[in-house]
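Engineer:
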Amino acid sequence: MRHPETKVEELGLRPFFFHEKFGDNSGAITYCYLKEGDNVVARGLAVCSPMDVFNKKIGRSIALGRAVEAVIREQSFGPLVFHDAVSYNEAYLGACLDFKFKAEYLPEIVGFEKETMFFLKPRQVTVGIA
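Per the numbering used here, residue 23 is the first one in the sequence shown, and the count goes up by one each step.
#1: Going along the chain, which unbroken runs of the beta strand (DSSP E) with 3 or more residues stay wholly within the stretch 59-108?
#2: Could you check the C-alpha separation between E130 and V75 for me, to the nearest Å?
#3: Are the beta-carbon atoms belonging to K57 and L35 less than 8 Å from one another?
#4: Express the C-alpha separation of Y127 and G81 in angstroms, rounding to a whole number.
#5: Taking just the CA atoms, how far does A50 sit from S71?
#6: Could you have a look at K136 and say whether DSSP puts it in helix, strand or coil?
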């Protein structure tokens with residue numbers, strides 16, 4: 023697949039990002055929402071292990087790629103596997119329990135997302151910079 027940033031422009035979608043960190047070295051999740059008008063057509067997640075160094079740019083790139091791929095496939099994929107998250111803290115597990123996939127096509131927007139969506143601003147993406 024070409025750069026996800028290019029595909030977003032071709033599809034006429036707007037990306038929105040949200041990062042959720044779970045304290046010092048406790049992991050993080052980057053959320054990418056692709057919107058068409060007022061509708062969210064895809065959500066991509068990038069999960070940062072507590073053993074990794076959190077990097078917003080990398081998280082945005084991974085989450086955007088997953089969201090774009092969900093739109094292209096027109097289906098959700100990449101199930102979240104919780105047995106791999108044994109070392110993650112309770113905040114991480116709580117945040118992920120609402121989701122079944124790392125990439126969702128036409129996702130159901132859950133409680134905290136509805137509140138967060140109000141504050142998100144579209145992010146201009148440039149090829150090579152997520």
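Cβ coordinates follow ideal geometry from the N, Cα and C atoms, glycine included.
Bear in mind that the values here come from a model prediction, so they are computed numbers and not experimental data.
Structural biologist: The relevant details are as follows:
#1: 61-70, 99-101
#2: 30 Å
#3: yes
#4: 19 Å
#5: 7 Å
#6: helix
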